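Number of protein chains: 6
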Amino acid sequence: MKNTVYLTRKAEFSASHYYHNPALSPEENRRLFGKCNNLNGHGHNYTLEVTVAGEIDPTTGFVLDLKKLKEVLNREVLEVFDHRHLNKEVPEFANQIPTTENIAIAIWRRLETKLNGAKMYRVRVYETPDLFVDFYGEP
Amino acid sequence: MKNTVYLTRKAEFSASHYYHNPALSPEENRRLFGKCNNLNGHGHNYTLEVTVAGEIDPTTGFVLDLKKLKEVLNREVLEVFDHRHLNKEVPEFANQIPTTENIAIAIWRRLETKLNGAKMYRVRVYETPDLFVDFYGEP
Amino acid sequence: MKNTVYLTRKAEFSASHYYHNPALSPEENRRLFGKCNNLNGHGHNYTLEVTVAGEIDPTTGFVLDLKKLKEVLNREVLEVFDHRHLNKEVPEFANQIPTTENIAIAIWRRLETKLNGAKMYRVRVYETPDLFVDFYGEP
Amino acid sequence: MKNTVYLTRKAEFSASHYYHNPALSPEENRRLFGKCNNLNGHGHNYTLEVTVAGEIDPTTGFVLDLKKLKEVLNREVLEVFDHRHLNKEVPEFANQIPTTENIAIAIWRRLETKLNGAKMYRVRVYETPDLFVDFYGEP
Amino acid sequence: MKNTVYLTRKAEFSASHYYHNPALSPEENRRLFGKCNNLNGHGHNYTLEVTVAGEIDPTTGFVLDLKKLKEVLNREVLEVFDHRHLNKEVPEFANQIPTTENIAIAIWRRLETKLNGAKMYRVRVYETPDLFVDFYGEP
Amino acid sequence: MKNTVYLTRKAEFSASHYYHNPALSPEENRRLFGKCNNLNGHGHNYTLEVTVAGEIDPTTGFVLDLKKLKEVLNREVLEVFDHRHLNKEVPEFANQIPTTENIAIAIWRRLETKLNGAKMYRVRVYETPDLFVDFYGEP
Chain A
144 MKNTVYLTRK
154 AEFSASHYYH
164 NPALSPEENR
174 RLFGKCNNLN
184 GHGHNYTLEV
194 TVAGEIDPTT
204 GFVLDLKKLK
214 EVLNREVLEV
224 FDHRHLNKEV
234 PEFANQIPTT
244 ENIAIAIWRR
254 LETKLNGAKM
264 YRVRVYETPD
274 LFVDFYGEP
Chain B
144 MKNTVYLTRK
154 AEFSASHYYH
164 NPALSPEENR
174 RLFGKCNNLN
184 GHGHNYTLEV
194 TVAGEIDPTT
204 GFVLDLKKLK
214 EVLNREVLEV
224 FDHRHLNKEV
234 PEFANQIPTT
244 ENIAIAIWRR
254 LETKLNGAKM
264 YRVRVYETPD
274 LFVDFYGEP
Chain C
144 MKNTVYLTRK
154 AEFSASHYYH
164 NPALSPEENR
174 RLFGKCNNLN
184 GHGHNYTLEV
194 TVAGEIDPTT
204 GFVLDLKKLK
214 EVLNREVLEV
224 FDHRHLNKEV
234 PEFANQIPTT
244 ENIAIAIWRR
254 LETKLNGAKM
264 YRVRVYETPD
274 LFVDFYGEP
Chain D
144 MKNTVYLTRK
154 AEFSASHYYH
164 NPALSPEENR
174 RLFGKCNNLN
184 GHGHNYTLEV
194 TVAGEIDPTT
204 GFVLDLKKLK
214 EVLNREVLEV
224 FDHRHLNKEV
234 PEFANQIPTT
244 ENIAIAIWRR
254 LETKLNGAKM
264 YRVRVYETPD
274 LFVDFYGEP
Chain E
144 MKNTVYLTRK
154 AEFSASHYYH
164 NPALSPEENR
174 RLFGKCNNLN
184 GHGHNYTLEV
194 TVAGEIDPTT
204 GFVLDLKKLK
214 EVLNREVLEV
224 FDHRHLNKEV
234 PEFANQIPTT
244 ENIAIAIWRR
254 LETKLNGAKM
264 YRVRVYETPD
274 LFVDFYGEP
Chain F
144 MKNTVYLTRK
154 AEFSASHYYH
164 NPALSPEENR
174 RLFGKCNNLN
184 GHGHNYTLEV
194 TVAGEIDPTT
204 GFVLDLKKLK
214 EVLNREVLEV
224 FDHRHLNKEV
234 PEFANQIPTT
244 ENIAIAIWRR
254 LETKLNGAKM
264 YRVRVYETPD
274 LFVDFYGEP
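Chains as they are written, first to last, in my numbering: chain A, 144 to 282; chain B, 144 to 282; chain C, 144 to 282; chain D, 144 to 282; chain E, 144 to 282; chain F, 144 to 282.
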């Protein structure tokens with residue numbers, strides 16, 4: 144690719160979750176997950192960064208139409224995750240623990256085929272300002 | 144008071160909540176609270192700022208011993224609110240909606256008599272970086 | 144007022160401006176305003192904080208309906224200021240220099256009578272993260 | 144290279160711009176660029192991150208003399224871009240739309256040969272805190 | 144005063160300090176100050192906010208000439224505090240512990256008579272992003 | 144590796160340092176290091192980001208147990224660097240200048256064999272919010 148640039152858009156969503164593996168005993172869950180194992184749930188303001196890679200379209204100066212990127216982010220991610228309980232309401236987490244790691248992969252898979260031909264490069268998810276996960280897709 | 148200074152300490156906690164008034168109909172709850180009315184709960188990384196006012200102790204140069212302030216914040220607020228579901232686990236919200244406004248007042252009341260004689264000046268609670276509430280106590 | 148709380152909402156807008164007083168000579172304008180006097184204009188991402196004061200409504204736990212506050216901010220401020228040239232497109236600055244000081248007062252006046260009975264307490268405008276102005280209204 | 148480290152310096156500049164492609168109709172410009180097409184211009188506080196890569200000089204412990212890097216950034220970028228109208232005053236944008244993508248490439252080209260032998264690794268430009276572009280040079 | 148506005152400017156300085164009261168025993172110093180009592184010193188990136196209050200000058204739209212404010216801040220504070228050891232090099236701390244509280248008062252006193260007639264309203268000093276002190280002057 | 148994710152944890156420490164090469168003359172030290180050459184020392188709030196890479200453990204949804212990572216960071220880095228004078232108290236800097244570049248490498252070496260089999264990917268050290276260094280290990 145010639146003169147690839149990488150464009151990143153941030154978005155926020157607020158959600159609840161808890162960590163619990165039903166294949167393990169309550170004691171083992173408590174030991175592994177500590178206060179995140181509270182089944183009443185707790186929550187975060189997640190920050191999402193989506194990075195796409197591409198060449199600049201000389202007509203617009205854009206890698207990607209930002210209005211379309213915003214629409215895709217809203218429809219595929221924010222409407223599904225924002226103000227939701229991840230364990231109870233987001234299908235990917237019916238059988239999978241909603242850790243930051245698994246959230247990053249779930250968001251990648253929701254977005255990667257919806258970008259009008261632009262190439263997904265990275266998904267970053269911050270659970271708090273001090274903890275974040277990057278996913279660059281399957282090799 | 145002579146040469147009053149105001150010292151502020153920040154702390155964070157992550158919690159779930161929802162907004163629901165049982166005296167109102169489901170439709171009215173939905174209209175008033177929108178997506179915050181989802182009874183599965185959603186969550187936030189709350190940021191708390193506690194401000195105390197006082198004169199400087201010439202022996203230490205401090206208004207207040209910061210280690211003691213940290214202990215009080217941990218015991219009275221963070222252990223009660225962090226990784227909790229506010230509606231289900233924090234007593235103040237058994238019969239009161241856990242809005243940012245009510246959270247700020249609840250924290251003020253938990254702290255105001257525990258500060259070893261220092262004077263509470265303000266409690267600020269951020270629900271997100273774009274929304275916060277200040278409470279300065281009862282007149 | 145009993146148990147007043149102060150609620151603050153942030154918003155952003157991006158705008159152009161320049162500083163120029165037509166009653167002064169070009170040299171005097173250049174001396175007073177430096178590179179801000181460039182008549183081609185330059186711009187900023189302004190951050191606005193609007194603080195309202197009030198008692199909590201026991202039915203909702205709110206001082207003010209946040210959806211209504213957002214609508215008022217959008218209609219009265221953001222649609223007028225965002226992606227605009229302040230000197231050329233915002234009426235308050237046809238005959239007044241759009242300094243951060245004057246912007247804060249202009250936003251106060253646009254908002255103070257539109258808050259459904261809530262009381263405006265403060266308008267804060269950041270021109271950059273390192274420079275901001277607070278206005279608390281006329282005495 | 145042995146023990147390469149990557150050093151990043153941030154800087155800010157405030158500028159105006161608009162998006163307009165004179166080869167297209169006014170309607171098409173409006174459709175593609177929305178409110179960015181306002182020919183009066185609007186502006187941003189841009190944040191620039193310049194990353195250089197190199198081995199550490201054992202005499203100084205530095206990859207690069209930071210005072211020299213600051214001088215180069217000031218002379219080659221900030222004096223040209225800060226408090227300017229990008230479309231009207233920066234030569235690269237006489238015939239090219241000053242999108243964040245094109246700004247990142249323009250800054251790379253201004254800096255890459257001026258670094259006293261250090262190697263440019265990345266230019267990042269934030270248009271707002273929620274939108275940024277990375278450029279790593281031509282392949 | 145009519146239509147008072149409050150203008151705040153931020154600045155940063157990096158300095159070393161330690162906490163030690165020579166009138167107390169080593170054990171008492173250790174108990175009161177913990178790891179801050181390490182006599183080798185430790186350091187911080189301090190952030191300073193200086194707020195001045197005044198009416199807007201209709202000729203300029205300014206409360207205060209920002210270039211002059213910057214000069215005063217540089218001369219009276221930054222040249223004295225930045226890249227210095229507060230206990231050893233700043234006169235106020237020859238006989239006083241350089242806590243954030245005492246730093247805020249020292250900066251207030253250095254600035255209050257140097258502002259060309261503008262009125263100092265507040266000095267805020269952040270020792271870290273999570274701890275800050277406000278001083279509003281003597282009553 | 145299949146489906147590698149990258150997890151980053153931030154931590155802070157406050158330390159003093161100065162820049163001085165005893166093999167050079169005082170004049171040459173002053174010329175190279177400017178105000179950082181002040182032998183009384185100055186200090187910073189350093190921010191550290193440690194990134195580890197790995198596959199997700201399906202039992203926990205984690206790349207790495209965050210409690211163990213925190214313990215390792217505290218024991219290997221924070222207890223050694225926080226509230227210390229880097230030149231006088233941290234062994235790596237007895238014979239090496241504690242620049243941000245050298246700090247990043249020292250932290251990498253302290254951590255890389257202590258991660259319970261997880262793979263260190265990157266160490267980032269911010270000296271100030273505007274200056275940071277990345278190190279990705281030896282090739």
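Note that beta-carbon positions come from the ideal geometry of N, C-alpha and C, so glycine has one too.
From a predicted model like this one, the values you see are computed outputs, not experimental measurements.
DSSP beta-bridge partners of residue i
{"i": "Ala237/F", "result": "DSSP lists no partner for Ala237/F."}
Beta-carbon gap between residue i and residue j smaller than 8 Å
{"i": "Phe344/D", "j": "Glu244/F", "result": "There is no way to answer for residue 344/D, as the model of chain D reaches only from 144 to 282."}
{"i": "Glu155/C", "j": "Thr202/C", "result": "no"}
{"i": "Asn183/A", "j": "His228/B", "result": "yes"}
{"i": "His185/D", "j": "Ser159/C", "result": "yes"}
{"i": "Arg92/E", "j": "Asn164/E", "result": "A query on residue 92/E cannot be resolved here, the shown segment of chain E reaching from 144 to 282 and no further."}
{"i": "Lys257/F", "j": "Glu222/F", "result": "no"}
{"i": "Lys153/A", "j": "Gly197/A", "result": "no"}
{"i": "Gly177/D", "j": "Lys210/A", "result": "yes"}
{"i": "Leu207/C", "j": "Leu254/C", "result": "no"}
{"i": "Asn238/F", "j": "His187/E", "result": "no"}
{"i": "Ala247/F", "j": "Val148/D", "result": "yes"}
{"i": "Arg252/A", "j": "Thr194/A", "result": "no"}
{"i": "Phe224/A", "j": "Val215/A", "result": "no"}
{"i": "Asn146/B", "j": "Glu281/E", "result": "yes"}
Minimum length 3: unbroken beta strand (DSSP E) runs contained in the segment 144-213 of chain D: 148-160, 185-197
Would you be able to state if there are at least three C-beta pairs under 8 Å between the segment 239-255 of chain B and the segment 271-279 of chain B? yes
Listed in chain order, which residues of the segment 243-276 of chain A have Cβ atoms closer than 8 Å to some Cβ of chain F? Thr243, Glu244, Asn245, Ala247, Ile248, Pro272, Asp273, Leu274, Phe275, Val276
Which runs of the alpha helix (DSSP H) spanning at least 4 residues fall entirely within the segment 219-281 of chain D, listed in chain order? 229-232, 243-254
Can you give me, in chain order, the residues of the segment 219-246 of chain A that have a beta carbon less than 9 Å from any beta carbon in chain D? none
Any residues in the segment 163-180 of chain E with a beta carbon nearer than 9 Å to a beta carbon of chain B? Which ones, in chain order? Asn164, Ala166, Leu167, Leu175, Phe176, Gly177
Could you please tell me which residues of the segment 179-212 of chain D, in chain order, have their CB closer than 9 Å to any CB of chain A? none
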